[in-house]
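**Student:** Letter 40 of the sequence shown, counting from 1, is numbered 85 in this note's numbering, and no numbers are missing.
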Amino acid sequence: MAVVTVTNLRKYFGVIPAVDGISLEIQEGEFVTLLGPSGCGKTTTLRLIAGLEENDAGEIWIGGRIVSAPHNGVFVLPEKREIGMVFQSYAIWPHMTVFENVAFPLRIRHLGRAVIREKVEKVLTLTGIEDLASRLATQLSGGQQQRVAIARAFAVEPAVLLMDEPLSNLDAKLRDHMRFELRELQRRTGVTTIYVTHDQAESMVLSDRIVVMNKGRIEQVGAPQEIYESPRSKFVSDFVGLVNLIEVDVLDLSGEKCRLRAKNGREFLCEAARVSSEVRNGVALIRPENLKLGRDGVFGNNVNTFEGIVESATYFGDHRDYQIRDGDLILRSKTDTAVNFARGDRVTLYVHPRHILVLGEEK
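#1: What are the uninterrupted segments assigned as alpha helix (DSSP H) that are 4 or more residues long and contained completely in the region 155 to 219, given in chain order?
#2: In the DSSP assignment, what are the bridge partners of residue 135?
#3: Please tell me whether residue 292 and residue 324 are closer than 9 Å, where the distance is taken between their beta carbons.
#4: Would you mind giving the Cβ-Cβ distance between residue 302 and residue 312, rounded to the nearest angstrom? I have them listed as a contact below 8 Å.
#5: Give, in chain order, every unbroken run of the beta strand (DSSP E) that is at least 3 residues long and sits entirely within the region 61 to 117.
#6: Could you tell me which residues DSSP pairs with residue 54 in its beta bridges?
#7: Does the Cβ-Cβ distance between residue 410 and residue 171 come in under 9 Å?
#8: Distance, Cα to Cα, residue 248 vs residue 218?
#9: Please classify residue 301: does DSSP put it in a helix, a strand, or coil?
#10: Assuming residue 205 and residue 239 form a contact by the criterion Cβ under 8 Å, report the distance between their Cβ atoms to the nearest whole angstrom.
#11: Measure the alpha-carbon distance for residue 380 versus residue 194 and round it to whole angstroms.
#12: For residue 343, count the other beta carbons within 10 Å of its own beta carbon; 16 or more makes it buried, fewer makes it exposed. Which is it?
#13: For residue 168, which residues of its own chain have a beta-carbon under 7 Å away from its beta-carbon, when the five flanking residues on both sides are left out?
#14: Report all residues from its chain with a CB closer than 6 Å to the CB of residue 404; omit the five preceding and five following residues, and keep chain order.
#15: Please go through the same chain and pick out, in chain order, the residues whose beta-carbon is closer than 7 Å to the beta-carbon of residue 355, but skip the five residues on each side of it.
#16: Please report the distance separating the alpha-carbon of residue 264 from that of residue 188.
#17: Roughly how many whole angstroms lie between the Cα atoms of residue 245 and residue 237?
#18: Counting pairs of beta carbons, one from the region 71 to 86 and one from the region 119 to 130, are three or more of them closer than 8 Å?
#19: Extract the residue ranges of the beta strand (DSSP E) inside the region 298 to 376, only unbroken runs of 3 or more that lie entirely within it.
#20: Tell whether a beta-carbon distance below 9 Å holds between residue 365 and residue 396.
#21: Can you tell me whether residue 151 is helix, strand or coil according to DSSP?
#22: Using 8 Å as the Cβ pair cut-off and three pairs as the minimum, do the region 51 to 63 and the region 84 to 102 touch?
#23: Using 8 Å for Cβ pairs, my map puts residue 254 next to residue 67. What's the rounded Cβ distance?
#24: Can you pull the DSSP bridge partners for residue 378?
#25: Assuming residue 257 is part of the beta strand (DSSP E), what are its boundary residues?
#26: Specify, as a first and last residue, the run of the alpha helix (DSSP H) that residue 124 falls within.
#27: With DSSP as the reference, identify every bridge partner of residue 240, one or two as the case may be.
#28: With a Cβ-Cβ cutoff of 9 Å, do residue 272 and residue 257 count as a contact?
#29: Expressed to the nearest angstrom, what Euclidean distance is found between the alpha-carbon atoms of residue 424 and residue 290?
#30: What are the partner residues of residue 47, as DSSP defines its beta bridges?
#31: Taking only the alpha-carbon atoms, compute the straight-line gap between residue 63 and residue 101 and give it to the nearest angstrom.
#32: Report the rounded CA-to-CA distance for residue 362 versus residue 378, giving the unit in angstroms.
#33: By how many angstroms is the C-alpha of residue 336 removed from the C-alpha of residue 149?
#34: On the three-state DSSP scale, how would you describe residue 287?
Below, the structure written as structure tokens:
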């Protein structure tokens with residue numbers, strides 16, 4: 046059952062469309078991430094669902110109930126929408142203890158003291174901060190404050206949890222740890238979650254589905270693997286991870302394999318199923334980890350082998366990153382650390398036909 050449904054949602058700031066006619070259904074228990082660059086409309090979409098902004102057109106449904114429909118004069122206030130919200134800034138009151146911060150939304154709902162204590166103690170234990178209940182917010186680390194914000198959102202037992210880049214203020218190591226902790230918490234509770242981020246890695250780790258947004262519109266919706274391996278546009282491929290983009294002509298699309306020619310004359314094969322239908326000119330997409338490097342002859346007589354010169358070689362600890370020149374093409378390759386070349390080395394490159402995706406030219 047769809048817990049959240051938005052239909053033809055629009056929001057303008059002046060004459061600029063911040064959200065431009067998006068439609069989306071989010072199922073019960075799903076973790077869905079709105080992913081995109083700054084200004085793409087992802088946070089505005091979240092705020093519209095929360096009721097912190099009013100949409101100019103379209104409808105929003107939560108839990109089978111319409112909560113916003115300007116054409117019918119419907120607008121349900123945020124506190125009536127059965128949502129929990131976690132902000133980027135955490136919005137923790139510094140003069141309150143952890144217990145008081147988490148209890149606050151329950152008190153404004155006029156719940157009894159015993160009920161409030163039971164609910165607060167439950168979510169403090171759930172988020173692993175029960176020992177911090179009497180501490181002031183000013184005595185907490187960034188990670189602890191984030192847990193308080195999450196506990197407060199869970200305390201109201203929301204039908205939908207909305208999260209606006211809640212990990213962006215944490216250092217890299219803690220952010221990586223909290224991704225897994227947050228995902229496990231969502232799995233244990235089963236709460237339907239809509240999460241906003243510009244971090245591609247974060248969206249991959251957390252999501253059941255990713256909604257890639259650009260200029261107020263949805264570019265693609267799909268599971269993380271689908272978004273990464275089968276992007277439907279150059280924007281999605283380039284925003285979600287590194288990618289080599291090669292302009293090509295499609296020479297032959299008659300069998301199981303398709304023959305391509307790059308602008309520098311290089312020819313190679315890809316699987317016909319990975320070519321958009323009726324494409325004659327387009328762009329070939331190759332992820333850097335799928336572009337293999339070796340010394341001369343290491344790949345034998347396989348198709349899709351060609352030579353290049355190492356322009357740069359960078360060591361990252363768990364992998365190496367190379368830039369390879371093939372004529373006027375500069376290609377990126379990501380390898381394990383056992384593959385070790387230096388700037389200026391001549392190398393052989395190989396890509397399997399199944400690892401090339403061809404998209405048509407975009408208008």
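Ideal Cβ placement from N, Cα and C applies to all residues, glycine included.
Quantities reported herein were computed from a predicted structural model and do not represent experimental measurements.
**Tutor:** On the basis of the supplied data:
#1: 158 to 171, 187 to 200
#2: Residue 135 is not bridged to any residue.
#3: no
#4: The pair is not a contact, with the Cβ atoms about 12 Å apart (cut-off 8 Å).
#5: 61 to 72, 76 to 80, 102 to 107, 110 to 114
#6: For residue 54, which the question treats as bridged, DSSP gives the partners 67.
#7: Beyond the ends of the chain as shown, which are 46 and 408, falls residue 410; an answer cannot be given.
#8: 16 Å
#9: coil
#10: 7 Å
#11: Using only the alpha carbons, I get a separation of about 40 Å.
#12: exposed
#13: 147, 196, 199, 200
#14: Correct list, in chain order: 321, 327, 328.
#15: 367, 369, 386, 387, 388, 389, 390, 392
#16: 33 Å
#17: 20 Å
#18: no
#19: 302 to 307, 312 to 316, 326 to 331, 337 to 339, 350 to 360, 365 to 371
#20: Not a contact, by the Cβ cut-off of 9 Å.
#21: helix
#22: Cβ pair count under 8 Å is three or more, so yes.
#23: With a Cβ gap of about 14 Å, residue 254 and residue 67 do not count as contacting.
#24: 367
#25: 254 to 259
#26: Run containing residue 124: none; DSSP gives neither H nor E here.
#27: 78, 208
#28: In this structure, residue 272 lies near residue 257, with their beta-carbon atoms less than 9 Å apart.
#29: This structure does not reach residue 424, given that the chain is present from 46 up to 408, and the question cannot be answered.
#30: 72.
#31: Looking at the two C-alpha atoms, the distance is approximately 11 Å.
#32: 15 Å
#33: 54 Å
#34: coil
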